[in-house]
Structure formats: C-alpha cells, structure tokens
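Asks: Take this structure first; my questions come after.
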Amino acid sequence: MEFDPIPIGSCSKENQIIYQQWFNYADSDGDSRITGSDATKFFAMSNLSRQDLKQVWAIADSKRQGYLGFAEFIIAMQLISLAQSGQPITQDLLSSGVELKNLKPPTMDGLDVLMAKKRHKEKEVDSNGSSPLQSSPSSSSWFSSKSTKRVSLSSVTSIIDGLKKLYIQKLRPLEATYRFNDFVSPLLTNSDFEAKPMVMLLGQYSTGKTTFIKHLLKRAHIGPEPTTDRFVVVMSGPDERSIPGNTVAVQADMPFSGLTSFGTAFLSKFECSQMPHPLLDHITFVDSPGVLSGEKQRTQRAYDFTGVTSWFAAKCDLILLLFDPHKLDISDEFKRVISSLRGHDDKIRVVLNKADQVDTQQLMRVYGALMWSLGKVLNTPEVMRVYIGSFNDKPINDAVSGPIGKELFEKEQEDLLSDLKDIPKKACDRRINEFVKRARAAKIHAYIISHLKKEMPAMMGKAKAQQKLIDNLAAAFGKVQREFHLPPGDFPDVEHFRETLSGYNFDKFEKLKPKMIQAVDDMLGYDIPNLLKRAHIGPEPTTDRFVAIMSGPDERTIPGNTVAVQADMPFSGLTSFGTAFLSKFECAQMPHPLLDQITLVDSPGVLSGEKQRTQRSYDFTGVTSWFAAKCDLILLLFDPHKLDISDEFKRVISSLRGHDDKVRVVLNKADQVDTQQLMRVYGALMWSLGKVLNTPEVTRINEFVKRARAAKIHACIISHLKNEMPVLLGKAKAQERLIDNLASEFVKPIQVQANLLYPPINPSLAPIFGFSSSASPDEKEKANNVGDSTNDDPAKTSVDEKEIDQGEQAKGADQREESDSDIESEDLSRDDLIKLVAEKEELLNLKHKEIEKMQDKVLRTYAEMENVMDRTRRESENSKKFAIQNFAKSLLDVADNLGRASSVVKESFSKIDASNETSESVKLLKTLLEGVEMTDKQLSEVLKKFGVEKFDPTNEPFDPNMHNAIFQVPDSSKPPGTVAAVLKAGYKLYDRVIRPAEVGVTQGVEEDKNATE
C-alpha cells in the first residue's frame, strides 16, 4: 500500500537541488515547513489563477496538515509545471503516466532576482559576524512550565502545533482544575498530538487479528510467543525489536503514558513491536488479545480489559471488529467491550474474516446471523459497515466460495484497503474532531463538578449531603443540563461517574470559574475556526448521517465537530444538539457547477420502528426542523413499495410546520410499476399525505418576514408571561399555573396586540357616530338603524355622517375634499350643531370625572401597598432583631447571681483572720473571685454582642417606661423624682427594654413633713 502520491525519487537529482533552493527561500521562518502565507507569495510567481493554486495546494497537502514539507513542495512544483504546459490540475494527474523525472521546473517570474538579493543579504550578515538563522520555536516548550513567552496563534506552522498551543493555554487548565483526567481521560502530552494514526483490532480468539496484520505487512511482527495473550502495538522503527510495556509507558516520545493508570498487571501484558516498513511509517497497529468467552476466565485477568480497550478506542482512528464464520456468538465480555466503544461509533468497522470457508448460501446465512447479533449489541439505528473476505496470505478457496464469492472478496478487500489508505490523509482531521469533542466533554464535566460543590452545605451534614448527591446523580445531571442548556446526549455515563465520585470529597472540588469556561468557548468559537483556514478536512460521507454537500476545490469531507466551529459555514447553530449529533454530521465538498449555485443536505433514512428511533442519541426531529428553517426547498422522497408513513416520519413532517411552501413530494423509482399500478400508488400516497400535511393550500412568505413575525409573537408571549407573575409571593405556583394554562395564555397577548393596533371603540359612542366597535359594514348599517330608531331627526343623521367625515380628514387630501362636499350637500340647523356639541362636552366631562376617580383609586391603592410593604419590612426586621428576647430575658437572673457572688466573695476578705486562717484559704478565695469576675465579664460581652446592654439609672430622672419604683427616699439635695438607689439593674435589647430597673426615688422634704403630719 502506497500512501504518498509521489515519492521524491520520481524527481531528477538536478531538479531536487533546484527545488531545495526554492524551498529554503519560500520557508521564511526556517522551520522546514511552508505554511499557507509562504505558499501564497511563492506560488503567485507562477502567474496561475488563484483557483488553480488552490487546487495545487489541496492535492499537494494530501494529509491535510496545513503545511508543505519538502516532498509535498516537489509535488506542488510538478503540478504547477504541468499546469503551465496546459494540462488540467486533477487528483489523478500525477498518476496518469506523465514522465516526472524529465519534467522541467516551472517558470517563476522574478524568483532568480529575489534569490540573488537574499544571498547578497546573507553575505553582508556573515561579514558582520552574526547568523541570519533564527531558531524555530520548539513545540515541546509549550509543555514546559519554565516557558514564559506565549506563542501567538499566527506563528504556528501546522494545525497540530496550533492545537497543542490551544490545549496548553486554554483547555488543560480547565481539565486540571476540575480533575477531568481522573474521571474521563488523562491529560494530553506532546506525544499524543504527534503520534501516527492508530488502528485497533478486536475480536474473540482465532478470528485472525494477528494474521490480518501479518497479511498487510507481508511478514510476521516480532514478539514473544504466543503474542495473542497481550496487547501489542506494532509501529515503525529503525530495526526489528520488542519493547516491554513498562518501558513503553515511560517513554516521552510515545503516546502510551496514560496506560500507567492500569498498573503493572496490565503493563506486563503490553509491549511494543518495532520494525522498518513503509506502511508503519504512516499507521500504527494495535493487536489485542482474544476476548474471552467464559466468566471464570474473564475474572482471572488481573487488569481492567474493558477499560484498556476504551482507552485505546479514544486514541485510535479506526477500530476493526473481526468475526469468524464459525464463531458468531458474542460473549458477555465481548458485549462489554463493544459497549465500552460508546461515543466512537464512527470509527468502528466490522470484518467477517475467513469467509472463503463457507459457500455462497451459507455465507448469506452467516452474514444475516452476524447482523442479527450485532443489532442487539450496537445500540445504533444505522447499519454498521461489514467487510467480507479472507485476509491472510493463502489464496481464496475457489472450490468453496465459487467465482461469485471470489469476486466479492476481492472488491471487499479493495474497499477495506482503501479505508486504511485514507487514514493518514484524515489523521489531522480526526485529531481536530477528537479535540473539539474533548473540549465539549471537559466543559460539561466542569459544570457537573462545580454543581456538586455548590450543593454541599457550608458546615454540618456534609457526609449525608454528599451521599444524597451521589444517589441522585441522574437528577443532578438534569439540573445542570437545564441550567446551562446543554445537550443531554453529551453527558457521561451515570453509573461510571457515580463509581468514580465515591472516592472523592466534594468539599475539595472547585467552584465554577466563568473565565475558564469563556476561554474554552472562545477557543471553540474563534481560535479553532481561524486555525482551520489552513486546510480542509473530514471523513468520507455515509448514508447513516446528515451530510451537507457543498462546492469546494477538490473532493473532501469535514467532520461535524469541525464544521460547527468554522466561522465561514452556516452550521454553528447545530452545536446545541451536542456531540452525539455532530458525530453523525459532516460536510462533503467537491468541485461541481451545480454546487456553485446551491448546497444539498442529505439526511439519514427515517426509521419505522419506535425502538430504533429511541436508540438515536440525538433529537432527529429537532435537527430536521433546524435544517428546514435554513433550507429553501425540502424534498420528501417516497418509494412506490414503501408508502406507509411511520410514526417518526409523521413527527418529522409535523416539524416542518411553517415551511409548507418549501415542501415538494417526489415519488421515486416510479419505473418499477406499470401505469395502472402507478395511478393506485399515486392515490395511496396522496391519501397518506392528506392525513399528515394539514394544509389546504401553500402560501409563499418571505423567510425574513416570517422570522420577524415569529419573533414579534414570541416577544408578546414572553412579556405577557412576565406581566402575569406576582411581585412578591406565590411565584412558583403562579408559574406552574401559567404553564398548565399555556394555550389560553397564548390568546391573551394576541388580543392585547390587536387592541394596540386597532383600539376598540366605546360602545356608548356608537349611536352618536353611527357605527359599532366592529369593523364589518353590516354591523355599521345595523348601528345606523339603531341610531335612527332612537332619534328620528334626519338632520341629526346628516350631522353624524358629517362628523364621521371630519374625523377621517387626517387620512388624506382627497378624503377631506369628499368630506367638504358631503357637508355642503347637507342642510343642517344651528340648534342641532349646538345640541351635539353640548352632548359631547357633557360626555367628555363624565369621562374626565371617571378618570379622576380611577386615578385617585390607583393612588390610594398604591399608597396602601407601600404602607403594607413598609409594615411587612419592619415586622421582618423586628422578628430578626428581637428573636432572642425570651432567651436573653431568662439569662438576666444568671447575670445578677454572678454579680452577687462576686460581691459576697469580696466581703469575705474583710472577715478573714490572718492569724487563724492559712495562706491556702486566701489563695483559694482569690482564685474563686477571679473566676467569678471572669465569668461575669464574659457573659456581659456575649450579651452585648447580641444587642443586650445593662443600664444603671442612678441620679437620672425617673422614667416609668424604663424604671420600676420600689420605695421613696427623702433627700433635699436632689430634685424630687430622681433615682437615688438601684436595687436591680435594667437591661435593653437594642432599643427595647426587656427588664426595667428596680429603683428607689427621691422625695422632697416638705412633702415628707406633710406626710408626717
């Protein structure tokens, strides 16, 4: 298998020397890579059209790396030379038998002069003793913590280098902060980005996995015998050798460091086999041990086999599931292995190996049995691609398979080899696709972890709260999905996530950091689209996915995750359907005159079974509705033999509501039935469609006007729901009631909007003006008849008509002239006019009085509402402020007793006889006094902290609100009514007295004498 379009050996040595000089000149930064900007300047000297140069770049950069190495540069020069000779630039031009060795270099205008100037400058620099070469930035420095200077995105010379930079600066901080590497996938290293594309082979014992690799390499790869009991990575190397797993896992230049998490038990069953081979220069193979069929044998494995296969699946570009015609049963472990490939369905290919061991009839039965078994394990509604053949060095067994089988096997083998050949070309494509998928997964992981952190209590009950969150993890996922509007299909497996969470303390998780999330959003929305301008990328389109077919310089396809972030494509809105959908969406580009005018969107077949429909991991109806809004024409295709419309097809057609003018029905394959049957088929189709498409006619409305009207109605509905919500209490119930009665609520804003555009006329004015609030002519005539019955004066009727005409004078000069002519034609009396004006003034005064009453009522209601709000606010504040009143009141006696105890101990010191008492008693009393005083002081501080303060009203005027008078004391030195003594101190809680002070009050001397007499 040849992977390069043309080897360097196809160019003569003389031309290689010339091209090497040109390459060095075009490579402005000296990194041995010519990027798009360098190529644009250099290729422009060929005087070819811009379209031709685009085609040259697309063919030369066959691996979609975003740059040209020396080999690709030679291809580009040869293509330019052929184009200058008049040959059209196509993909097959280099392999069309053209003699390339003797092909002259192309004519590049002005190149010799520019190269001479460059050589002259280099000589001048050399004479000054400095080197003109600048060291290129090392990609490995981006992974070093010592690197302080950040490399700008414009300076990277390949898409892979750009992804490295974006990962280190924007995505890796998010992964490390929220421990993405512990839950989903280890942090990426330099070798993960630079690794060759990998192909993994999975299957049960003796399905031919190792033989398949030997068949491709035309030799046996080395390794200890038997090699089928371990994972073996077969990759390119300078010589044949085998490297043990423990050594491979610690080598920085190999992308297998993440396997250390599976322990030594696995690494002892893992090795790397290296050998020089042209195929291995482009692809690395992963040979896996046979999947066991018995539960006992499975449990004897000392490592997590399913986890290892899942790890390799995330790294590989292609996964081959091999089956033997005689071993079609899928064991329990193989089911678990296939289930672990969830999220990588686009990489899986099925190979029915050793198919030449059964005849054609048996092969059909074997194929059916295989599809039956796979349909139960692979929960995807789309049919998986199956390659049938015998992939070994032995010739095909014609005696069993026959000539038809031999031809089939050869075609299937060509298809499989073609898939393998395309892998290196799509390596960069896959890398970007996986990078975008990883970024979205890391973002959702951050939302989940931060949500679990937020739900934890601040102080007590943390263990119970954490266990409750783990038990209700599915509900937590639902909250995160609704809060941040995330696609449900992008969330991780609940059971696996719960199992990993059980070993962590949620308190140590980080809160949500919006800056990190915004950095990842900017990376997906701006940085990656700018990076993708360097190349066009993508896998081959298939019929199990949505495919947008557009014009392009050559035939290529772009994966959905990449399409959705490209700024020059109108598909960014599809990110709302999540990675589950984007893995089933792609864009196919090709040069075609029809595609220069329109873009086609091919959709997967609508499923007929409810079970198959629910197995889709994305909202199929929502996606079709999104495309319907963007498309200008929608074709519904029917087969004459499949006219029944399934339930999902009904839902899809219903989702086209509002786009009926775009829908066209196509009855395809009509040549398979005769004329009589065709008429019956057509009638049956119309019968079925008539029940689904509830439209009597098609009305074509401009899409912009349609969108404007829809936005206007949406705004009316949202504002109406906002107005219906209460200001303070009962919001949850009110919202639930509005949701339950949404149909009736839809009518209200429409009526309000109609009243704003056409205000209803007061019915009391209808007899005066001769018409009702209705706009119909019949009702106007009826109102006029009512007016005639109430007032038989024909002159007044004429006056009414005159008033109508005068009220319409603002509509235009023509109407004013008609009004004047009508007035002049009528014979009106002065008394009638005066009477009419008086009636109008009286009516106007009545309305003014009604308005004044309503305004007064509104003001009173508003004032009352403000008073209620103030009173509620005060009561709320007081309830918080004085909540501890009863508790504090009960502590006041304790404070009094502590004060009494302190005074008693102090009095005890005066009664101590030092001659009789020992010094120990004195020390004990002092210690007791210190303890009591300290307790009293601490209690006072605690009470003061919560607003309780002690007050002593001695020598203050008596206040009955704060003092409780117990006795009176005659005292001429103080004014009467002064507090002379305090028996019990008073206490306040903020500004409220919770215990009045018990006091004795002074009494005047004269009053005392009078009292004595």
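Mapping of the sequence shown onto the UniProt record's numbering: residues 1 to 1013, in sequence order. Ideal Cβ positions, reconstructed from N, Cα and C, are used throughout, including at glycine. Just so you know, these numbers come straight off a predicted model, no measurement behind them.
Could you work out which residue in I80, A985 and Q885 is closest to A58 when comparing CA atoms only?
Replies: Translated into the one-based positions of the sequence shown, residue 58 becomes position 58. The shortest C-alpha separation from A58 is found at I80.
Asks: Which of helix, strand or coil does DSSP assign to D27?
Replies: For the purposes of this step, residue 27 is taken as residue 27 along the sequence shown, with counting starting at 1. D27 falls in the coil class under three-state DSSP.
Asks: Under 8 Å: do the stretch 943-963 and the stretch 989-1003 share three or more Cβ pairs, one atom per stretch?
Replies: yes
Asks: Residue range of the beta strand (DSSP E) that R556 falls in?
Replies: In the sequence shown, counting from the first residue as 1, residue 556 sits at position 556. Looking at the DSSP string, the run of the beta strand (DSSP E) that includes R556 is R556 to P559.
Asks: So, is S583 buried or exposed, given that buried needs 16 or more other C-beta atoms within 10 angstroms?
Replies: In the sequence shown, residue 583 corresponds to position 583, counting from 1. S583 should be labelled buried.
Asks: Taking the continuous beta strand (DSSP E) assigned at H445, which residues delimit it?
Replies: In the sequence shown, counting from the first residue as 1, residue 445 sits at position 445. Note, H445: premise wrong, no beta strand (DSSP E); alpha helix (DSSP H) at A427 to K454.
Asks: With 16 as the cutoff for other CB atoms within 10 Å, does F334 come out buried or exposed?
Replies: By one-based count along the sequence shown, residue 334 stands at place 334. When all chains shown are included, F334 counts as buried.
Asks: Specify, as a first and last residue, the run of the alpha helix (DSSP H) that E877 falls within.
Replies: Within the sequence shown, the letter at position 877 stands for residue 877. R830 to K881 is the extent of the alpha helix (DSSP H) around E877.
Asks: Reducing DSSP to helix, strand and coil, say where Y67 ends up.
Replies: The sequence position of residue 67 within the sequence shown is 67, counting from 1. It is coil, neither helix nor strand.
Asks: Which two residues bound the contiguous alpha helix (DSSP H) that contains H485?
Replies: Here the question's residue 485 lines up with position 485 in the sequence shown. It is not in any alpha helix (DSSP H) - H485 carries neither H nor E in the DSSP assignment.
Asks: If distances are taken between C-alpha atoms only, which option among I17, C272, A369 and L595 comes closest to G237?
Replies: Numbered from its first residue, the sequence shown carries residue 237 at position 237. The option with the nearest alpha carbon to G237 is C272.
Asks: Any chance the stretch 627-644 sits against the stretch 654-673, with 3 or more Cβ pairs inside 8 Å?
Replies: yes
Asks: So what's P996 in DSSP terms, helix, strand or just coil?
Replies: Counting from 1 along the sequence shown, the entry for residue 996 is found at position 996. Of the three classes helix, strand and coil, the one that applies to P996 here is coil, per DSSP.
Asks: On the DSSP bridge list, what partners appear for E949?
Replies: What you label residue 949 is simply residue 949 of the sequence shown in a count that begins at 1. Partner(s): K988.
Asks: Does DSSP put F143 in a helix, in a strand, or in coil?
Replies: Stepping through the sequence shown from its first residue, residue 143 is reached at position 143. At F143, the pLDDT of 39 sits below 50, so the modelled position is not reliable and the matter cannot be decided from this model.
Asks: Apart from the five residues on each side of it in sequence, which residues of its chain come closer than 6 Å, Cβ to Cβ, to Q20?
Replies: Against the sequence shown, residue 20 aligns to sequence position 20. There are no such residues.
Asks: In this structure, does DSSP put F638 in helix, strand or coil?
Replies: Taking the sequence shown and counting its residues from 1, one reaches residue 638 at position 638. Of the three classes helix, strand and coil, the one that applies to F638 here is strand, per DSSP.
Asks: Mapping DSSP to helix, strand and coil, what is A965?
Replies: Residue 965 sits at position 965 when you count from the first residue of the sequence shown. It is a strand residue.
Asks: Three or more beta-carbon pairs under 8 Å between the stretch 546-557 and the stretch 510-527, yes or no?
Replies: no
Asks: Please tell me whether V358 and N561 are closer than 9 Å, where the distance is taken between their beta carbons.
Replies: Locating residue 358 in the sequence shown gives position 358, counting from the first residue. Locating residue 561 in the sequence shown gives position 561, counting from the first residue. Not in contact: V358 and N561 (Cβ atoms no closer than 9 Å).
Asks: At 4 residues or longer, and completely inside the stretch 148-213: list those alpha helix (DSSP H) runs for me, N to C.
Replies: 159-166, 172-177, 180-183 and 190-194
Asks: Please name the residue in T207, F262 and F266 whose C-alpha comes closest to that of R230.
Replies: Position 230 of the sequence shown, counted from the start, is the residue given in the question as residue 230. If we check each option's Cα against that of R230, F266 comes out closest.
Asks: Got a sec, what are the start and stop residues for the alpha helix (DSSP H) L532 sits in?
Replies: Taking the first residue of the sequence shown as position 1, residue 532 is located at position 532. For L532, the enclosing alpha helix (DSSP H) stretches over residues I528 to L532.
Asks: Relative to the C-alpha of F323, which candidate in Y303, D346, L363 and D317 has its C-alpha closest?
Replies: Translated into the one-based positions of the sequence shown, residue 323 becomes position 323. That would be L363, whose Cα lies nearest to the Cα of F323.
Asks: Evaluate L943 with the Cβ neighbour count: other Cβ atoms within 10 Å of its Cβ, from every protein chain shown; 16 or more gives buried, anything less gives exposed.
Replies: In the sequence shown, residue 943 corresponds to position 943, counting from 1. So L943 ends up on the buried side.
Asks: CB H215 to CB D419, shorter than 9 Å?
Replies: As a first step, residue 215 is located in the sequence shown; it is residue number 215 there, counting from the start. As a first step, residue 419 is located in the sequence shown; it is residue number 419 there, counting from the start. Not closer than 9 Å, so no.
Asks: C587: which of S576, T579, F577 and L600 sits nearest, CA to CA?
Replies: Here residue 587 is taken as the residue at index 587 of the sequence shown, counted from 1. Comparing Cα-Cα distances from C587 to each of S576, T579, F577 and L600, the minimum goes to L600.
Asks: Any heavy atom of the ligand ATP within a distance shorter than 8 Å of the CB on K479?
Replies: For the structure depicted, the ligand ATP is absent and the ligand set is empty, with no information on it obtainable.
Asks: Per DSSP, which one or two residues make a beta bridge with I243?
Replies: Taking the sequence shown and counting its residues from 1, one reaches residue 243 at position 243. According to DSSP, which records beta bridges pairwise, I243 is partnered with C272.
Asks: T557 to V383, Cα distance in whole Å?
Replies: If you number the sequence shown from 1, residue 557 lands on position 557. If you number the sequence shown from 1, residue 383 lands on position 383. Distance between the alpha carbons of T557 and V383 is about 21 Å.
Asks: Which residue from Y990, D671, V652 and V1001 puts its Cα closest to that of D639?
Replies: As a position in the sequence shown, residue 639 is number 639, starting the count at 1. It is D671.
Asks: Based on Cα-Cα distance, which residue from E839, E850 and G947 lies nearest to K880?
Replies: Along the sequence shown, read from residue 1 onward, the residue named residue 880 stands at position 880. The shortest C-alpha separation from K880 is found at G947.
Asks: Determine the DSSP secondary structure at Q1003, reduced to helix, strand or coil.
Replies: Against the sequence shown, residue 1003 aligns to sequence position 1003. The answer is strand: DSSP assigns Q1003 an E or B state.
Asks: Taking the alpha-carbon positions, what's the A628 to F620 distance?
Replies: Numbered from its first residue, the sequence shown carries residue 628 at position 628. Numbered from its first residue, the sequence shown carries residue 620 at position 620. Going by the C-alpha atoms only, they are around 12 Å apart.
Asks: What span of residues does the beta strand (DSSP E) with S551 cover, start to end?
Replies: For the purposes of this step, residue 551 is taken as residue 551 along the sequence shown, with counting starting at 1. F546 to S551 is the extent of the beta strand (DSSP E) around S551.
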